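Asker:
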Amino acid sequence: MSTNCEEKNLDSKVADQQNLQSSHVKFDLDESHRIDDYDRMVEVDELVAFSTPSKPSSYSSTESTTNKTTNSSMTNARTLTNSDTNGKNKSTLNQHSRNMSGVSFGSSGSLRPLTTVSTPKGLCDFLGGNRVINKILIANNGIAAVKCMRSIRRWSYEMFRQENTIKFVAMVTPEDMQANAEYIRYADHYVNVQGGPSHMNYSNCELIVDIAKRFPVEAVWAGWGHASENPKLPELLHRNDIIFIGPSEQAMWALGDKIASTIIAQSANVPTLPWSGSHLKITYNEDDSEVINVPMDLYDQACVTDPKKGLEIATRIGFPVMIKASEGGGGKGIRKSISRDDFENLFRQVQTEVRGSPIFIMKYADSWRHLEVQILADQSGQAISLFGRDCSIQRRHQKIIEEAPAVIAPPEILEQMEKAAVRLAKMVGYASAGTVEYLYNPNDETFCFLELNPRLQVEHPCTEMITDVNLPACQLQ
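Residue numbers for the sequence shown follow full-length UniProt numbering, beginning at 1 and rising by one.
1. Would a C-beta distance cut-off of 9 Å place residue 483 and residue 251 closer than the cut-off?
2. Between the alpha carbons of residue 466 and residue 140, how many angstroms are there, rounded?
3. Between residue 123 and residue 168, is the Cβ-Cβ spacing less than 9 Å?
4. Between residue 274 and the rest of its own chain, which residues show a CB-CB distance below 6 Å, the 5 nearest in sequence each way excluded?
5. Can you list, in chain order, the residues of its chain with a C-beta nearer than 8 Å to that of residue 408? Leave out the 5 residues immediately preceding and following it.
6. Between which two residues does the alpha helix (DSSP H) holding residue 310 run?
7. Taking 9 Å as the cut-off, decide whether the C-beta atoms of residue 244 and residue 217 are in contact.
8. Along the chain, where does the alpha helix (DSSP H) that runs through residue 183 open and close?
9. Say whether the stretch 222-237 touches the stretch 444-464, bearing in mind that this needs 3 or more beta-carbon pairs closer than 8 Å, one atom from each stretch.
10. Could you check where the beta strand (DSSP E) with residue 467 kicks off and where it finishes?
11. Using CA atoms only, rank isn't needed, just tell me which of 330, 353, 358 and 319 is closest to residue 343.
12. Does DSSP put residue 374 in a helix, a strand or coil?
13. Compute the beta-carbon to beta-carbon distance between residue 248 and residue 429, rounded to the nearest angstrom, for a pair I have assumed lies under 8 Å.
14. Cutting at 7 Å between CB atoms, please list the residues of its own chain near residue 336, excluding the five before and the five after it.
15. Are residue 478 and residue 266 close, meaning C-beta to C-beta below 9 Å?
16. Please list, in chain order, all residues of the same chain as residue 346 whose beta carbon is under 6 Å from its beta carbon, the five residues on each side excluded.
17. Give me the residue from 208, 425 and 121 with the minimum Cα distance to residue 290.
18. Taking all protein chains shown into account, do 16 or more other C-beta atoms lie within 10 angstroms of the C-beta of residue 200, making it buried, or fewer, making it exposed?
19. Whole beta strand (DSSP E) runs in the stretch 246-295 with 3 or more residues, listed along the chain?
20. Which residues mark the beginning and the end of the alpha helix (DSSP H) in which residue 477 is found?
21. So the alpha helix (DSSP H) residue 350 belongs to, where does it begin and stop?
22. Taking the DSSP output, what are the residues bridged to residue 397?
23. With residue 235 as the anchor, note down where its alpha helix (DSSP H) starts and where it stops.
24. How long is the line joining the alpha carbons of residue 157 and residue 173, rounded to whole angstroms?
25. When DSSP labels each residue in this structure, what does residue 386 get in the three-state scheme?
26. Measuring straight from C-alpha to C-alpha, what distance separates residue 121 and residue 161?
27. Can you name, in chain order, every residue of its own chain whose Cβ lies under 7 Å from the Cβ of residue 330, other than the five neighbours on each side?
28. Can the beta-carbon of residue 386 be found closer than 9 Å to that of residue 463?
29. Run through DSSP, which three-state label would residue 328 get?
30. For residue 160, does the three-state DSSP call read helix, strand or coil?
31. So does the stretch 144-151 actually touch the stretch 190-210, counting three or more Cβ pairs closer than 8 Å?
32. If we ignore side chains and look at the alpha-carbon of each, how far apart do residue 229 and residue 411 end up?
33. Tell whether a beta-carbon distance below 9 Å holds between residue 280 and residue 254.
34. With distance defined between alpha-carbon atoms, name the residue in 340, 325 and 307 nearest to residue 333.
35. Per DSSP, which residues does residue 446 bridge with? Please list them.
36. Where residue 171 and residue 238 are concerned, what is the direct C-alpha to C-alpha distance, given to the nearest angstrom?
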C-alpha cells in the first residue's frame, strides 16, 4: 500500500510540474497541436537584400498581457481585413458578430466558425470579406514590433490552430542588428534599412511604401510612434493598393490633429476647456450619417501664429494657460505659462521644439485626472468602446503608470465619456483602434475632451487584460 501511495504522490508531483510548465498557454488541445518552431525562409530581391536571423526557440506566450488576450477579438469585427459594407446596420460590432449565422462562441466568448477554417482566405470567404492579408510589413521596431507579431500569432493559433498563417516582414537598422533586438527573431523576413534618426527609416513614409511594394506585402502595421500618426503614410499606401492597418488619412487628420479634433468635439457637444478656438463649431447632423471634415479657414482661426496674438488670447482665457503644438506629443511642444511675463519666451520654446507645427492656447487644468477611453471601429461605420484607463501619474507630461479600469470617476460619468468617444469616431468615419483622452475634475465630477490618438497606444495591454480582447488582432480584422 505504501508503495502505491508513493507512486501516486510521485505521479501527482510530475503532473503538477507539467501543469506549471504549461501554465503560460491555456489551450485545450492535445499534443498533436503543440506549437513548434516556425520555419525560416530567405528571400532575395534584386534591389534590396533580405536575410534571416538564426532559428529561435519554440514560441511560447510568456508575456502577461498576451496571456490574457484570446481570439475573442473576433467578436469585434466582421472580416479578416477591411470590409466595404454600406453601413446600414446600426448595431454594435459585438451585437453584429454575435448574430451572425454559422458561428459559435466558446466559453471565453471567442468566435469559432462551425465549419473548419484553416487559412486566412478561408476565414475571409466564410465571413464575406473582400481582401486577404497573408503578409504584413512591420514599420516599427522594439516592443511595438514584438507585441504585434506575438499577438497576431496567438490569434492565428487560436483561430487556425497554426501560428504561421500570416508572415511578417521587419525593418532592421544597423543599430537594431548590433543590439540583437528581440523583434528580429520573431519576423519571418527582415530588410536592412539605413540607420540614424527616425526620419531616415521608421518614419520615412516613402521608404516604407517602397519596401511594401518590392517585397511585396498586403498590409503595413505602424504601431505607435514613428510614422503611426502621419496621414501621409496611409495616403501613399492606398494609392498603391496596400492596406494600412489603421484609420484612413482623412480620419487620422481630423481626429489625430489636436486642433481639428477639439473643433470636432465641440461640434459634437463634448465639453472642452476654454481655448483659442472655443467659438468654433461645425454644423453636424448625426442622423445624416455623413463624415465630418474641418474646413481649413475654420482651422486657421483656432491657430495662434505669433506671441502677441497668443498673449491677448491667454489674457482673455485667464492665466495659467498651456501653450501647445498641435503636432506635439510625448512631452514635446507643451509649456505652462503662469503670467504675462513668461508667455512670449515659452511660446518661442514651443515653436522651436516642434518646428512648423500650428500652435494653440488652452486653459490650464489644475489637479484634474487624466482618463482615456479605448475605442474600436470598423469600415462599415460601427464603433464600440472598451472601457477606460487612468493615466494620471505622469512626469514631465509623460505617462508613467497606467491603471485599468478607471475607477476615480462614477460609472455614469465614465459611460458619458465612452458614449462621447464612440460619437466622435462615427463622426469622422474612424476605423481601427484609437484612444480618446479626457481631463476629469473629481471635485465637481466634470470632464473635458483633451485629444484623440489615432493609433494603438503603448499602454493598450491594460485594456486587453480587463477585456480579454486582442487589440492588434482586432486591427488586422
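Every residue gets a Cβ at the ideal spot worked out from N, C-alpha and C, and that includes glycine. This structure is a prediction, so every number in the text was calculated from the model and none was measured.
Answerer: Put simply:
1. Here the chain covers residues 1 to 477 and nothing more, so residue 483 does not appear.
2. Reading the sequence shown from its first residue, position 466 is the one you call residue 466. Reading the sequence shown from its first residue, position 140 is the one you call residue 140. In this structure, the alpha-carbon of residue 466 lies about 26 Å from that of residue 140.
3. The sequence position of residue 123 within the sequence shown is 123, counting from 1. The sequence position of residue 168 within the sequence shown is 168, counting from 1. No, these two residues do not count as a Cβ contact at 9 Å.
4. The residue you call residue 274 lines up with position 274 of the sequence shown. Take residue 274, set aside five residues on each side of it, and the residues of its chain with a beta-carbon closer than 6 Å to its own are 317 and 363, in chain order.
5. What you label residue 408 is simply residue 408 of the sequence shown in a count that begins at 1. Around residue 408, the same chain offers 369, 371, 390, 392, 440 and 442 as residues with beta carbons nearer than 8 Å, after the five sequence neighbours per side are excluded.
6. Within the sequence shown, residue 310 is the residue found at index 310, counting from 1. Residues 307-317.
7. Stepping through the sequence shown from its first residue, residue 244 is reached at position 244. Stepping through the sequence shown from its first residue, residue 217 is reached at position 217. No Cβ-Cβ contact shorter than 9 Å links residue 244 with residue 217.
8. By one-based count along the sequence shown, residue 183 stands at place 183. Its alpha helix (DSSP H) spans residues 182-186.
9. Touching, yes.
10. In the sequence shown, counting from the first residue as 1, residue 467 sits at position 467. Following the DSSP letters along the chain, one finds residue 467 in no beta strand (DSSP E) but inside the alpha helix (DSSP H) bounded by residues 461-467.
11. Residue mapping note: residue 343 aligns to position 343 of the sequence shown, counting from 1. The alpha carbon of residue 343 has as its nearest neighbour, out of 330, 353, 358 and 319, the alpha carbon of 319.
12. Within the sequence shown, residue 374 is the residue found at index 374, counting from 1. Of the three classes helix, strand and coil, the one that applies to residue 374 here is strand, per DSSP.
13. Along the sequence shown, one-based indexing puts residue 248 at 248. Along the sequence shown, one-based indexing puts residue 429 at 429. Right, their Cβ atoms sit about 7 Å apart.
14. Here residue 336 is taken as the residue at index 336 of the sequence shown, counted from 1. If we look at residue 336 and ignore the five residues flanking it on each side, its Cβ neighbours are 320, 322 and 364.
15. Any property of residue 478 remains undetermined from this structure, which presents the chain solely from 1 to 477.
16. Position 346 of the sequence shown, counted from the start, is the residue given in the question as residue 346. Once the five neighbours on either side are set aside, the close Cβ partners of residue 346 are 323, 335 and 337.
17. Here residue 290 refers to the residue found at position 290 of the sequence shown. With distances taken between CA atoms, residue 290 lies nearest to 425 out of 208, 425 and 121.
18. The residue labelled residue 200 in the question sits at position 200 within the sequence shown. Residue 200 is exposed by the Cβ-count criterion.
19. Whole beta strand (DSSP E) segments, 3+ residues: zero.
20. The residue given as residue 477 occupies position 477 in the sequence shown. Residue 477 -> no alpha helix (DSSP H), and no H or E assigned at all.
21. For the purposes of this step, residue 350 is identified with residue 350 of the sequence shown, where counting begins at 1. For residue 350, the enclosing alpha helix (DSSP H) stretches over residues 340-353.
22. Against the sequence shown, residue 397 aligns to sequence position 397. According to DSSP, residue 397 bridges with nothing at all.
23. Within the sequence shown, numbered from 1, the residue matching residue 235 stands at position 235. Judged by DSSP secondary structure, residue 235 falls within the alpha helix (DSSP H) whose first and last residues are 232-239.
24. Position 157 of the sequence shown, counting from 1, holds the residue named residue 157. Position 173 of the sequence shown, counting from 1, holds the residue named residue 173. The alpha-carbon atoms of residue 157 and residue 173 are separated by roughly 30 Å.
25. Indexing the sequence shown from 1 puts residue 386 at position 386. Note: residue 386 maps to strand in three-state DSSP.
26. Position 121 of the sequence shown, counted from the start, is the residue given in the question as residue 121. Position 161 of the sequence shown, counted from the start, is the residue given in the question as residue 161. Their backbone Cα atoms lie some 15 Å apart in a straight line.
27. Indexing the sequence shown from 1 puts residue 330 at position 330. Within the same chain, Cβ atoms closer than 7 Å to the Cβ of residue 330 are found at 398, the five residues on either side in sequence being excluded.
28. The sequence position of residue 386 within the sequence shown is 386, counting from 1. The sequence position of residue 463 within the sequence shown is 463, counting from 1. Annotated as proximal: residue 386 and residue 463, with beta-carbon spacing under 9 Å.
29. Mapped onto the sequence shown, residue 328 falls at position 328. Looking at residue 328 - three-state DSSP - the assignment turns out to be strand.
30. Taking the first residue of the sequence shown as 1, we reach residue 160 at position 160. It is helical.
31. The stretch 144-151 makes no contact with the stretch 190-210; the number of CB pairs closer than 8 Å stays below 3.
32. By 1-based counting over the sequence shown, the position of residue 229 is 229. By 1-based counting over the sequence shown, the position of residue 411 is 411. The alpha-carbon atoms of residue 229 and residue 411 are separated by roughly 31 Å.
33. Taking the sequence shown and counting its residues from 1, one reaches residue 280 at position 280. Taking the sequence shown and counting its residues from 1, one reaches residue 254 at position 254. Residue 254 sits away from residue 280, with the two beta carbons spaced by 9 Å or more.
34. Walking along the sequence shown from the start, residue 333 turns up at place 333. It is 325 whose Cα lies nearest to the Cα of residue 333.
35. For the purposes of this step, residue 446 is taken as the residue at position 446 of the sequence shown. 441, per the DSSP bridge assignment.
36. Mapped onto the sequence shown, residue 171 falls at position 171. Mapped onto the sequence shown, residue 238 falls at position 238. Straight-line spacing of the CA atoms in residue 171 and residue 238 works out to 20 Å.
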